[in-house]
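K.L.:
Number of protein chains: 2
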Amino acid sequence: MLKPLIEGGTFLLNSPYGPDEVWNELPVELQQEIIDKKVKFYVVDAVKVAHETGMGNRLNTIMQTCFFLLANLFPTTDEAIGHIKNAIKKTYGKKGDEVVQKNWNAVDSALAALKEVHYPASASSTKHRHMGAQPAGGKQPPEFVKNILGEILASRGYELPVSAFPVDGTFPTATAQYEKRSIAIEIPIWDPNVCLQCGQCSLVCPHAAIRMKKFDAAVAAKAPKDFRCTDWKTKEYPGAKMCIQVAPDDCVGCGLCVQNCPGKNKEVEGRKAINMEDKIAHLDAERAGWDFFLSIPDADRAEVNADGIKGSQLLLPLFEYSGACAGCGETPYLKLVTQFYGDRMLVANATGCSSIYGGNLPTTPYTKDANGRGPAWCNSLFEDNAEFGLGIRTAVDKQNAFAREILTAKREKLGAELVDKILNNPQETEADIANQRAWVAELKAQVSACSKDACKDGCCTTAANLLAAADSLVKRSCWAFGGDGWAYDIGYGGLDHVLASGKNINILVLDTEVYSNTGGQASKSTPLGAVAKFAAGGKPTKKKDLGMMAMAYGNVFVAQIALGANPNHAIKAIRAAEAYPGSSLIIAYAHCIAHGMKDMMVGLEMQKEAVKCGYWPLYTYDPRKDQPLELVSKKPEGTIKDFVVKQNRYNILNRMNPAHFEQLIGQAQQDAEERFAFYTALAGAK
Amino acid sequence: MLKPLIEGGTFLLNSPYGPDEVWNELPVELQQEIIDKKVKFYVVDAVKVAHETGMGNRLNTIMQTCFFLLANLFPTTDEAIGHIKNAIKKTYGKKGDEVVQKNWNAVDSALAALKEVHYPASASSTKHRHMGAQPAGGKQPPEFVKNILGEILASRGYELPVSAFPVDGTFPTATAQYEKRSIAIEIPIWDPNVCLQCGQCSLVCPHAAIRMKKFDAAVAAKAPKDFRCTDWKTKEYPGAKMCIQVAPDDCVGCGLCVQNCPGKNKEVEGRKAINMEDKIAHLDAERAGWDFFLSIPDADRAEVNADGIKGSQLLLPLFEYSGACAGCGETPYLKLVTQFYGDRMLVANATGCSSIYGGNLPTTPYTKDANGRGPAWCNSLFEDNAEFGLGIRTAVDKQNAFAREILTAKREKLGAELVDKILNNPQETEADIANQRAWVAELKAQVSACSKDACKDGCCTTAANLLAAADSLVKRSCWAFGGDGWAYDIGYGGLDHVLASGKNINILVLDTEVYSNTGGQASKSTPLGAVAKFAAGGKPTKKKDLGMMAMAYGNVFVAQIALGANPNHAIKAIRAAEAYPGSSLIIAYAHCIAHGMKDMMVGLEMQKEAVKCGYWPLYTYDPRKDQPLELVSKKPEGTIKDFVVKQNRYNILNRMNPAHFEQLIGQAQQDAEERFAFYTALAGAK
């Protein structure tokens, strides 16, 4: 960190440790560098200041204030503070007086909290610097992760030779676990006595950093001393134990799980079944707990009822610890999809947030189960991702047809019974899938054993072809992921073409209603009245009704979901979409930092409000049903305005031009009512 | 024509003149060439043979038969005929026995009709060869047309220097009139005594080669002797005369006008108000008639009620004599749009048939009125034409805003009265437009007269800017034209984006339900069960409901029309779309050679049937109305099957796989009924 610092330079550290404690918390290598360079060393507890002044997680004002003071850019402190406060007024003025005043308070508090650290002449810390890949779940990182990815993580990537990289650009998955960022200040701590065992904390966690498992009592006996577990309450697993466990180094401290926890502590007002607590105090115990948790075998997929929240959270997520924003509204959807299908899924990912956190080199959050199965993932362009996904589907179908052709032609030779079992397995349940895997393994073993010497009529070529294609006999789940900029705008022409193809591909749109990753430009998904880049005066036109347009095909499965508002509907819709033997489109409401909520922690409440007021109607359109459209949302309560004023993307217009805001939001209210009436009529008519 | 022929070579001519008459009908230059090269010269009246054997306009079998016989490829005539008939069986077998038998008959008749011409030793014809640009309407072609386009027409384009061409690639319009192809064998001849004066012949003509005018009796007095006219029957023009006139050298003899004529001759069974007659017999009289017709002044646009068929056909078409197929179902729509808006329209044209016949270099069918006003037209790519049109709209809007800004700033100096008139003119009627043109001319004259010597404060720059932008003060009509391949498929992403913009652009989709120009590939517009390339077994999925998808925006004007089925609706929809101050989408049914009808002449009947049976519902969705959707079609009568079996695009499947055909068409029938019920419900609900 201090590599570029000159001798006698200034080092400002944001730290929970004060000027008297911080020295001993530093790694010895850093202590030595500070001593050698004669560094002027300061600390500030910016997190504490931000918390106390109502700034939430926003530290920039506090750190900037300290920087200005230490940099001596102005003759006096008063003058520096004056300039900072004017700049705040200019930058945040249109976000309202309250925001300005909070920032001003943060400036004053930062000034008081900034302290110089006086340090000894020799380094004496027992701590050491960790750079690069870290162990995970008690395992050391594999060689490739340690030597290549780890070097990149340690900012030494430029020193790697080209020959160190995979020749075909393919990177291994299951690597994000070795990138221990440990950035949370507070982490959720579970209280088994209050817990309702609903699984919602695990469901909504954007980072797969809080999870649920059920296990035998015998397992619990081997647990480390601070590990907490309790009896499984409901009747499906008699005598089983369960636990909720946080990954303390992977949790980013967003608080969504705690905010969303329905378990109330009856003894202590305001406490729940999980509570945000200081990480440092819990770190050792939770690390041991997490390592133990990972060692507990995963539930048998065939025994889990995955149609509800609780069951779904017994399935291993195969998307974990991504670099998405703390509190991200997109990643819980991806994680959930990997819990259901990750062990046999292929993903085409459009450019956008999900391509960044999905393949944020050097590591990737897509991971593998104990058998080494996990999603195959690739990012394509903004403009062709649906087609890319269709190409994957077509390839999978072709491989499958090829394998089936060989099985049919060689049925007698390969054994009619085995061949028939493989060819006729509907593969509709986890048990079916498990059977198919076993039978395909049996087939492959048999074909591998085929002796070349005994070969006639080119059957060795057939055997080689069958071995290459046999895995495709296990049903694949093909997905295209992307944001609204992709699905509504840049990639829509292709998305429409893929939907029209009727091919079995599942399209998941993570709808933040704005180009989030590129900085908040309006998309066709941006609703009437929302402020975005290229729609600075509030978007003058309605949000595109992508779902309605897809429904016009009549043979496309369509669902509009919001995990925070109705998790059961979200789960059922995702599972029905995947099971549908044609094209599916799932449009998922994703709250986002671009919405300007007071805190990302309230993202799921915003989802609830969006649905309740009719801003985001929930529905499922299943072409297999006599009445395909099911409008899941109830008749709207409250107003669009009540919902939107809680988000700066709208409120900014309310402050700049209240009359125009009222006009647009009035129109939005009318549009929402008409749309709901229209959907209601559609759902009633055949 | 005989340039590449060697000495003693064989020349076969398809000619209405027999072996004894043909020699004297040849140009003297051709006679000399035949004599000099000692040519073996044969004639066949392939048109007559085709007519007599029920082959319609298809001459290829007949000409091929003659070629095989003359080329002596086989030892005996019988053997040659045997091979030809086998090839026919192979090629047309799947189109049915009837088609094969017709072709076989044509082979036998061709054999009998092929005659050698014995010619004299010297050339004596009084006729001369015409190559290159021809006079039109009594006018010689302009220099550029004569020297550049005419040379290309005469197949001497390679001899032109690069410097002969326009430096910016811009070609003049109004040039197709100088390309006199004179390819019709028969042309429509008008009978004033039977005519109902409905204007339908003019409306449906794909080549603008039959037209209607009304004029004063004084004009009629100057007419050439064979020119026919009669009294204008209805009350709007008391004392006026009218006529229907064919352009004998521009008509391609498709017969659509005659087929569609509702006027019945009560005295002669089967005769109508126009009848196809031998062109040669009428050529001189009709040429004189056409030249005179063109000299008659056009109707005053402000006095014409253009909302009906009759009035619309008094407006000058500004799209004429294109190279589209005889009987084309697309071009009547384009012609009609130019009649309404051609004098102030800009067209972005997607790649496809309409870009080929629209800019079929060297000439273009887009033309100008007596004042030199006509469409500005450009072809863009398949994938970006809607965006290209939006760019044109944006440029026009910017120029207009710039001119209005200057007018507002210089109101006093330019004269408040004139400026106010220009700025406040709603330009909703032809009279408004005429006024605006006069006022803008007045403005330009005034600004041009502004003396540079008297200039202060840079007003000369302002004057130059105003002169450059002033024409944009006259309302422009911006259009995007293209086929279904563009609108439903390749250009759909952009089309959707343009519709979502809400900008005032009119999109006309010429829907042939297949990629016509590239040879009949399936598009998303191709209906269930239709056979096309990439859908050889009948398209397995439904036609995309583009109109429904556009209606989902709520602020897009949408209409589905069929000129042949309901011309009044088509006219009203086009005019309402253009008047709508936002984005408009018009989806126009266009019959096409790719449909495999028994003859292109029945194209308009096919349109009627398509609408009647519910295959092509007509509607208008006008967002300005309380109930935006008006379902114009009546409850369907008859079945989809009755309609589709008249077209080889469907019937081919019926012959190849009747069971599959029945299944798909049964589904198509059900889909059509459900769609009609859905539209009915939509039109009833708010």
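Residue numbers (my numbering), protein chains in the order written: chain Z, 1 to 686; chain V, 687 to 1372.
Yeah, the Cβ is synthetic: ideal placement off N, Cα and C, and Gly gets one too.
Since this is a predicted model, take the numbers as computed values, not measurements.
Are at least three pairs of beta-carbons, each pair with one atom in the region 20-35 of chain Z and one in the region 106-120 of chain Z, less than 8 Å apart?
P.N.:
yes
K.L.:
Within 8 Å of any Cβ in chain Z, is that where the Cβ of ASP1182 of chain V sits?
P.N.:
In the second sequence, counting from the first residue as 1, residue 1182 of chain V sits at position 496. Chain Z, which has a Cβ nearer than 8 Å to the Cβ of ASP1182 of chain V, makes this yes.
K.L.:
Just the Cα atoms here: how many angstroms apart are CYS353 of chain Z and ALA590 of chain Z?
P.N.:
Translated into positions along the first sequence, residue 353 of chain Z becomes position 353. Translated into positions along the first sequence, residue 590 of chain Z becomes position 590. One C-alpha to the other measures close to 12 Å.
K.L.:
Taking 8 Å as the CB-CB limit, is TYR1307 of chain V close to chain Z?
P.N.:
To locate residue 1307 of chain V, count along the second sequence from 1; it is residue 621. No, its Cβ sits nowhere closer than 8 Å to a Cβ of chain Z.
K.L.:
Use the C-beta contact count for PRO1344 of chain V: other C-beta atoms within 10 angstroms, 16 or more gives buried, fewer gives exposed.
P.N.:
For the purposes of this step, residue 1344 of chain V is taken as the residue at position 658 of the second sequence. By the neighbour-count rule (16 or more Cβ atoms within 10 Å), PRO1344 of chain V is not buried but exposed.
K.L.:
Less than 8 Å between the C-beta atoms of LEU1109 of chain V and ARG1090 of chain V, yes or no?
P.N.:
To locate residue 1109 of chain V, count along the second sequence from 1; it is residue 423. To locate residue 1090 of chain V, count along the second sequence from 1; it is residue 404. Result yes, Cβ atoms of LEU1109 of chain V and ARG1090 of chain V sit closer than 8 Å.
K.L.:
Mapping the DSSP letters down to three states, classify PHE41 of chain Z as helix, strand or coil.
P.N.:
Within the first sequence, numbered from 1, the residue matching residue 41 of chain Z stands at position 41. DSSP places PHE41 of chain Z in strand when its eight states are reduced to three.
K.L.:
Let me see if you follow: with CB-CB separation under 8 Å, is THR1147 of chain V close to chain Z or not?
P.N.:
Your numbering for residue 1147 of chain V matches position 461 in the second sequence. No, no contact with chain Z.
K.L.:
Determine which residues share a DSSP beta bridge with CYS1164 of chain V and list them.
P.N.:
Counting from one through the second sequence, the residue named residue 1164 of chain V turns up at place 478. CYS1164 of chain V pairs with V:LEU1032.
K.L.:
Could you round the C-beta distance between ALA909 of chain V and TYR864 of chain V to whole angstroms and report it? I think they count as a contact, below 8 Å.
P.N.:
For the purposes of this step, residue 909 of chain V is taken as the residue at position 223 of the second sequence. For the purposes of this step, residue 864 of chain V is taken as the residue at position 178 of the second sequence. No, ALA909 of chain V and TYR864 of chain V are not in contact; Cβ-Cβ is about 24 Å, not under 8 Å.
K.L.:
Roughly how many whole angstroms lie between the Cα atoms of LYS1372 of chain V and MET1237 of chain V?
P.N.:
For the purposes of this step, residue 1372 of chain V is taken as the residue at position 686 of the second sequence. For the purposes of this step, residue 1237 of chain V is taken as the residue at position 551 of the second sequence. In this prediction, LYS1372 of chain V has a pLDDT of 45, which is less than 50 and means its spatial position is unreliable; what the coordinates show is noted afterwards. Taking the straight line from one Cα to the other gives about 13 Å.
K.L.:
Return the CA-CA distance between THR77 of chain Z and LEU2 of chain Z, expressed in angstroms with no decimal places.
P.N.:
The sequence position of residue 77 of chain Z within the first sequence is 77, counting from 1. The sequence position of residue 2 of chain Z within the first sequence is 2, counting from 1. Approximately 26 Å, taken between the alpha carbons.
K.L.:
At what residues does the alpha helix (DSSP H) containing VAL396 of chain Z begin and finish?
P.N.:
Reading the first sequence from its first residue, position 396 is the one you call residue 396 of chain Z. That run of the alpha helix (DSSP H) goes 385-409.
K.L.:
Have a look at V:CYS1164, V:GLU1016 and V:CYS1136 and flag the residue whose alpha-carbon is nearest the alpha-carbon of ASP1083 of chain V.
P.N.:
Within the second sequence, residue 1083 of chain V is the residue found at index 397, counting from 1. Ranking the options by Cα distance to ASP1083 of chain V, first place goes to V:CYS1164.
K.L.:
Just the C-alpha distance for ALA610 of chain Z and GLN1355 of chain V, rounded to the nearest angstrom, thanks.
P.N.:
Within the first sequence, residue 610 of chain Z is the residue found at index 610, counting from 1. Within the second sequence, residue 1355 of chain V is the residue found at index 669, counting from 1. One C-alpha to the other measures close to 40 Å.
K.L.:
Quick check on DSSP: helix, strand or coil for GLN134 of chain Z?
P.N.:
Within the first sequence, the letter at position 134 stands for residue 134 of chain Z. In the structure shown, GLN134 of chain Z sits in coil (DSSP, three-state: anything other than H, G, I, E or B).
K.L.:
Can you tell me which of the three DSSP states ARG437 of chain Z falls into?
P.N.:
Stepping through the first sequence from its first residue, residue 437 of chain Z is reached at position 437. If DSSP states are grouped into helix, strand and coil, ARG437 of chain Z belongs with the helices.
K.L.:
Spell out whether any CB of chain V is found under 8 Å from the CB atom of ASP489 of chain Z.
P.N.:
Within the first sequence, residue 489 of chain Z is the residue found at index 489, counting from 1. Interface residue, yes.
K.L.:
Let me know the secondary structure DSSP gives LYS1107 of chain V once reduced to three states.
P.N.:
In the second sequence, the residue the question calls residue 1107 of chain V occupies position 421. Secondary structure at LYS1107 of chain V: helix, using DSSP grouped into helix, strand and coil.
K.L.:
Would you tell me roughly how many angstroms separate the C-alpha atoms of GLU829 of chain V and VAL853 of chain V, rounded to the nearest one?
P.N.:
The residue labelled residue 829 of chain V in the question sits at position 143 within the second sequence. The residue labelled residue 853 of chain V in the question sits at position 167 within the second sequence. Spanning the two alpha carbons is a distance of roughly 17 Å.
K.L.:
Going by the DSSP bridge assignment, what does ARG897 of chain V pair with across the sheet?
P.N.:
By 1-based counting over the second sequence, the position of residue 897 of chain V is 211. Answer is V:GLN931.
K.L.:
Using the Cβ count rule (16 or more neighbours within 10 Å means buried), how would you classify ILE309 of chain Z?
P.N.:
Residue mapping note: residue 309 of chain Z aligns to position 309 of the first sequence, counting from 1. Its Cβ being crowded by 16 or more others within 10 Å, ILE309 of chain Z is buried.
K.L.:
Just the Cα atoms here: how many angstroms apart are ALA1166 of chain V and ALA594 of chain Z?
P.N.:
What you label residue 1166 of chain V is simply residue 480 of the second sequence in a count that begins at 1. What you label residue 594 of chain Z is simply residue 594 of the first sequence in a count that begins at 1. When rounded, the distance between both Cα atoms is 36 Å.
K.L.:
What are the partner residues of ILE561 of chain Z, as DSSP defines its beta bridges?
P.N.:
For the purposes of this step, residue 561 of chain Z is taken as the residue at position 561 of the first sequence. Residue pairing by DSSP places ILE561 of chain Z opposite Z:ALA588 in a beta bridge.
K.L.:
Rounded to whole angstroms, what is the Cα-Cα separation between GLY614 of chain Z and PHE1362 of chain V?
P.N.:
Locating residue 614 of chain Z in the first sequence gives position 614, counting from the first residue. Locating residue 1362 of chain V in the second sequence gives position 676, counting from the first residue. Going by the C-alpha atoms only, they are around 29 Å apart.
K.L.:
Exposed or buried, GLU186 of chain Z, counting other C-beta atoms within 10 Å across all chains shown (16 or more means buried)?
P.N.:
Translated into the one-based positions of the first sequence, residue 186 of chain Z becomes position 186. GLU186 of chain Z should be labelled buried.
K.L.:
For ALA218 of chain Z, count the other beta carbons within 10 Å of its own beta carbon; 16 or more makes it buried, fewer makes it exposed. Which is it?
P.N.:
Reading the first sequence from its first residue, position 218 is the one you call residue 218 of chain Z. Exposed: under 16 other Cβ atoms inside 10 Å.
K.L.:
Select from the region 1227-1248 of chain V all residues with a C-beta closer than 8 Å to any C-beta belonging to chain Z, and list them in chain order.
P.N.:
THR1227, LYS1228, LYS1230, ASP1231, MET1234, MET1235, ALA1238, TYR1239, GLY1240 and ASN1241
K.L.:
So, at 6 Å on beta carbons, what are the nonlocal neighbours of TYR1307 of chain V in its own chain, with the 5 sequence-adjacent residues on each side left out?
P.N.:
Counting from 1 along the second sequence, the entry for residue 1307 of chain V is found at position 621. Cβ neighbours of TYR1307 of chain V beyond the five flanking positions: MET1237, VAL1244, PRO1314 and LEU1315.
K.L.:
Mapping the DSSP letters down to three states, classify TRP687 of chain Z as helix, strand or coil.
P.N.:
The requested residue 687 of chain Z is not part of the displayed model; chain Z covers only 1 to 686.
K.L.:
Using only the alpha-carbon positions, how far apart do THR1050 of chain V and ALA1034 of chain V sit?
P.N.:
Here residue 1050 of chain V refers to the residue found at position 364 when the second sequence is read from its first residue. Here residue 1034 of chain V refers to the residue found at position 348 when the second sequence is read from its first residue. Roughly 15 Å separates the two Cα atoms.
K.L.:
Among the candidates V:ASP1231, V:LYS1321 and V:SER1202, whose CA atom is the shortest distance from the CA of ALA1218 of chain V?
P.N.:
Residue 1218 of chain V sits at position 532 when you count from the first residue of the second sequence. Among V:ASP1231, V:LYS1321 and V:SER1202, the Cα nearest to that of ALA1218 of chain V belongs to V:SER1202.
K.L.:
For the candidate residues V:LEU1232, V:GLY1206, V:LEU1196 and V:ASP1285, whose alpha-carbon lies nearest to that of LEU1185 of chain V?
P.N.:
To locate residue 1185 of chain V, count along the second sequence from 1; it is residue 499. Of the candidates V:LEU1232, V:GLY1206, V:LEU1196 and V:ASP1285, the one whose C-alpha sits nearest the C-alpha of LEU1185 of chain V is V:LEU1232.
K.L.:
In the DSSP output, what is TRP616 of chain Z paired with across the bridge?
P.N.:
The residue given as residue 616 of chain Z occupies position 616 in the first sequence. Note: TRP616 of chain Z sits in no beta bridge, so no partner.
K.L.:
Tell me the rounded alpha-carbon separation between PHE1088 of chain V and ALA1155 of chain V.
P.N.:
Start at 1 with the first residue of the second sequence, and residue 1088 of chain V comes out as number 402. Start at 1 with the first residue of the second sequence, and residue 1155 of chain V comes out as number 469. Distance between the alpha carbons of PHE1088 of chain V and ALA1155 of chain V is about 7 Å.
K.L.:
Here's the rule: buried if 16 or more other CB atoms are within 10 angstroms of the residue's CB, otherwise exposed. What is ASN506 of chain Z?
P.N.:
Within the first sequence, the letter at position 506 stands for residue 506 of chain Z. It is buried - the Cβ of ASN506 of chain Z has at least 16 other Cβ atoms within 10 Å.
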